[in-house]
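Visitor: Okay, here's the structure, questions in a sec.
There are 2 protein chains.
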Amino acid sequence: MAHVIVTGNEKGGSGKSTTAMHLFAAIARQGFRVGAMDLDLRQTTFFRYLENREAFARRTGQDLSLPERIGLQPSTLRDRVEAEAEEERWFTQAIATLDASCEFILIDCPGADSFYSQMAHASADTLITPINDSLVDFDLLARMDPETGRVLGPSIYSEMVWQARRLRAGAGLKPVDWVVLRNRMSHIDARNKRKVGDALEHLARRIGYRLVPGFSERVIFREMFLNGLTLLDLRDQGFAFSMSHVAARQEIRDLVRALNLPGMAE
Amino acid sequence: MAHVIVTGNEKGGSGKSTTAMHLFAAIARQGFRVGAMDLDLRQTTFFRYLENREAFARRTGQDLSLPERIGLQPSTLRDRVEAEAEEERWFTQAIATLDASCEFILIDCPGADSFYSQMAHASADTLITPINDSLVDFDLLARMDPETGRVLGPSIYSEMVWQARRLRAGAGLKPVDWVVLRNRMSHIDARNKRKVGDALEHLARRIGYRLVPGFSERVIFREMFLNGLTLLDLRDQGFAFSMSHVAARQEIRDLVRALNLPGMAE
Ligand SMILES: Nc1ncnc2c1ncn2[C@@H]1O[C@H](COP(=O)(O)OP(=O)(O)OP(=O)(O)O)[C@@H](O)[C@H]1O
Ligand SMILES: Nc1ncnc2c1ncn2[C@@H]1O[C@H](COP(=O)(O)OP(=O)(O)OP(=O)(O)O)[C@@H](O)[C@H]1O
Ligand SMILES: [Mg+2]
Ligand SMILES: [Mg+2]
């Protein structure tokens, strides 16, 4: 049974695709067979990153790790209920296919509440929600009282996860491990950072996720997109590491360790 | 005839809602009557920012500028074609209502290709596309050759804008003024910044937008979300300005000037 990891957050630009790509690199480096699905059917950022990687490998004659990918189409049926039934079949088939040959399946979700995204959230053994260090992003997890800072109640993305958990429980599957990580953290902005950090810690207990070490804002996390490379590939590519790269690599290691994935070192 | 300004970018987290809010504050300060629509029907970040502003004004007994808001519902009809026809009616009614009483209409779009978003793009007199300083974000505007840096062709969001332009031309409306602005710019990362900047300048001529001054990454653009305030409100609130605030205010001024909006000073 492959372990399904989903990157999800209805909030756009929180770092789902970036996290999916770097997790893929980390897991593949340990020799595991990884399957991948990209449910952001129009942008396909995660699959674009992987296509770029494949093209770079071909161009340079190198042997870079790649996942087994299955792309999905949106249903074109006019009736909404029939369209969802069709998508449910396609999604289930894709998971079954990857499950047969992979130890991990990485599914990147769109910044939207699509039906495929809902299916992925219910299929996740590990659900990873990256979030910007921002009260604007936080607003999709929970409403906060502007005067006291107290959490007033869950917001639309928390509710979406809750629905997925109910579906999962109804199907008799073990509970999802929901982890939230802060992304694009600044080294400054101490006050806003602490405010968001405290809010995320309090909310963790209330809505049932755990907070894990995340990523700083570092251009190394995005500047090699066109070649499909991550900083984990750099040593093999013969690059010298800067201090920022060493710190970035530690951030990835800390995340992987905190995820407690089955069979993984660190 | 109200001047319609749309913040659009299918890429999530590019800064559409942040730009919409700060533009609202800048336009309202000049005494214009502003209408607003938020087409991100689930997240409604722009409307949440405005609700927070309204609540803050009530709490503190202040008189803060607010736009005339019209919220839309998604159609619940099961047939896709009928649902779009219904949404088209609701959208057109909302625009007509705001047009009757406002000089500017601000429409914030979701990070997705929804039908309402397509209608907004065709209705825009000014279309503002914020974008992160990132080749990952750039990928939704155009494909780039990883070796030469040349633009290979338009990508899904450019195509969406092109479709909207055709609809607009077919309706006999004057051409949209499409402006792109860089958002969340870092003061460092010189090489990646130049690479993305050059790419955006070359693409401007090819797909028909103009590049305008954008925003740096500054926590002031997001830390007052819970009170619905922007830095433009701070002087009235009795705050002292830091160097970063002065620079941020200049960024907003430079953007407003570059937009060449009808009837506006600066
Ligand atoms: N830790 C980081 N450091 C630097 N840049 C980052 C980091 N994480 C993400 N980015 C950049 O931020 C932007 C958004 O990231 P990404 O595309 O991974 O988010 P997403 O949640 O997948 O967005 P969407 O909702 O559109 O799918 C991209 O330009 C990406 O390159
Ligand atoms: N110039 C800026 N400086 C600091 N933070 C910013 C800036 N612009 C945007 N942000 C933050 O970046 C995140 C994304 O911004 P925003 O929500 O405005 O983007 P969006 O395009 O509306 O996203 P979505 O696609 O989800 O609608 C938010 O956390 C916001 O507070
Ligand atoms: Mg993504
Ligand atoms: Mg938004």
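Just so you know, the protein sequences line up as chains A and B, in that order. Be aware that the first sequence starts at -3, since it is given in the numbering used here, and climbs by one per residue. Be aware that the second sequence starts at -3, since it is given in the numbering used here, and climbs by one per residue. We put the beta carbon where it would ideally sit given N, CA and C, even for glycine.
(1) Using a threshold of 7 Å, is the CB atom of SER154 (chain B) nearer than that to any non-hydrogen atom of ligand 1?
(2) Looking only at C-alpha atoms, which of B:VAL215, B:GLY145 and B:SER154 sits nearest to LEU137 (chain B)?
(3) Relative to the alpha-carbon of SER130 (chain B), which residue among B:MET140, B:THR122 and B:LEU228 has its alpha-carbon at the smallest distance?
(4) Quick check on the DSSP output: what are the complete alpha helix (DSSP H) runs of length 4 or more inside the segment 42 to 99 of chain B, in order along the chain?
(5) Given that ALA261 (chain B) touches chain A, what residues does it touch there, using C-beta distances under 8 Å?
(6) Using a beta-carbon distance below 8 Å, is ILE152 (chain A) in contact with chain B?
(7) Would ASN188 (chain A) count as contacting chain B if we go by Cβ distances under 8 Å?
(8) Quick one: what's got a C-beta closer than 8 Å to ILE101 (chain A)'s C-beta in the same chain, skipping five residues either side?
(9) Could you spell out where the alpha helix (DSSP H) holding TYR33 (chain A) opens and where it closes?
(10) For LEU148 (chain B), does the count of other Cβ atoms within 10 angstroms reach 16, so buried, or fall short, so exposed?
(11) Would ASN128 (chain B) pass as a contact of ARG180 (chain B) if the rule is Cβ separation under 8 Å?
(12) Contact criterion: CB-CB distance below 8 Å. Does ASN48 (chain A) meet it with respect to chain B?
(13) Going by DSSP, what residues sit across from LEU207 (chain A) in a beta bridge?
(14) Closer than 8 Å, Cβ to Cβ, to anything on chain B: give me those residues from the segment 1 to 24 of chain A, in chain order.
(15) For TYR112 (chain B), which residues of its own chain have a beta-carbon under 7 Å away from its beta-carbon, when the five flanking residues on both sides are left out?
(16) Taking 7 Å as the limit, tell me which residues put their C-beta closer than that to any heavy atom of ligand 4, in chain order.
(17) Tell me HIS(-1) (chain B)'s beta-bridge partners as DSSP assigns them.
(18) Count the other C-beta atoms from every protein chain shown that fall within 10 angstroms of the C-beta of GLU99 (chain A), then say buried if there are 16 or more, exposed otherwise.
(19) Compute the minimum distance between the beta carbon of SER110 (chain B) and the heavy atoms of ligand 2, and state whether it is under 7 Å.
(20) Could you check the C-alpha separation between GLU282 (chain A) and ASN48 (chain B) for me, to the nearest Å?
(21) Under 8 Å, do ILE103 (chain A) and ALA116 (chain A) count as touching if we go by C-beta distance?
(22) Shorter than 7 Å, the distance from the beta carbon of SER13 (chain A) to the closest heavy atom of ligand 6, or not?
(23) Interface residues of chain D around GLU219 (chain B) at Cβ under 9 Å?
(24) Can ARG180 (chain B) be considered in contact with ligand 2, in the sense that its beta carbon sits closer than 7 Å to one or more heavy atoms?
(25) Just to confirm the assignment, what range does the alpha helix (DSSP H) spanning GLY166 (chain A) have?
(26) In chain order, what residues of the same chain lie with their CB nearer than 7 Å to the CB of ARG214 (chain B), ignoring the 5 residues before and after it?
(27) Nearest-angstrom Cα distance between ARG25 (chain A) and GLY11 (chain A)?
(28) Among the residues of its own chain, which have a CB less than 6 Å from the CB of TRP174 (chain A), if the five just before and after it don't count?
(29) Take THR40 (chain B) and list the residues in its own chain whose beta-carbon comes closer than 6 Å to its own, dropping the five residues that flank it on each side.
(30) Just how far apart, CA to CA, sit MET156 (chain B) and ALA16 (chain A)?
(31) Name the residue from A:ARG55, A:GLY57, A:ARG44 and A:ARG85 whose alpha carbon lies nearest to the alpha carbon of ARG65 (chain A).
(32) Indicate the three-state DSSP secondary structure (helix, strand or coil) for LEU251 (chain B) in the structure shown.
(33) Report yes if the C-beta distance between ALA79 (chain A) and LEU228 (chain A) is below 8 Å; otherwise report no.
(34) If you run the structure through DSSP and keep just helix, strand and coil, what is MET239 (chain B)?
(35) Verify whether the separation of the beta carbon atoms of GLY234 (chain A) and PRO126 (chain A) is less than 8 Å.
(36) Report yes if the C-beta distance between ASP121 (chain B) and VAL172 (chain B) is below 8 Å; otherwise report no.
Guide: Taking the definition as stated:
(1) no
(2) B:SER154
(3) B:MET140
(4) 76 to 97
(5) The premise fails here: ALA261 (chain B) is roughly 29 Å from chain A at the closest Cβ pair, so nothing lies under 8 Å.
(6) yes
(7) yes
(8) ALA(-2), HIS(-1), VAL0, ILE1, VAL30, GLY31, ALA32, MET33, ILE91, LEU94 and ASP95
(9) In the sequence as displayed, the identity of residue 33 (chain A) is Met instead of Tyr. Looking at the DSSP string, MET33 (chain A) is not in any alpha helix (DSSP H); the run it does join, the beta strand (DSSP E), is 30 to 34.
(10) exposed
(11) yes
(12) yes
(13) A:VAL176
(14) GLU6, LYS7, GLY8, GLY9, SER10, SER13 and THR14
(15) LEU35, LEU68, GLU83 and PHE87
(16) A:GLY8, B:LYS12, B:SER13, B:ASP36, B:GLN39, B:THR41, B:PHE42, B:ASP104, B:PRO106 and B:GLY107
(17) B:PHE100
(18) buried
(19) no
(20) This structure does not reach residue 282 (chain A), given that chain A is present from -3 up to 262, and the question cannot be answered.
(21) yes
(22) Ligands displayed in this structure: ligand 1, ligand 2, ligand 3 and ligand 4; ligand 6 is not among them.
(23) Looking for chain D here will not work: the only protein chains present are A and B.
(24) yes
(25) 152 to 166
(26) SER240 and ALA244
(27) 21 Å
(28) LEU123 and TYR205
(29) ASP34
(30) 26 Å
(31) A:ARG44
(32) helix
(33) no
(34) helix
(35) no
(36) yes
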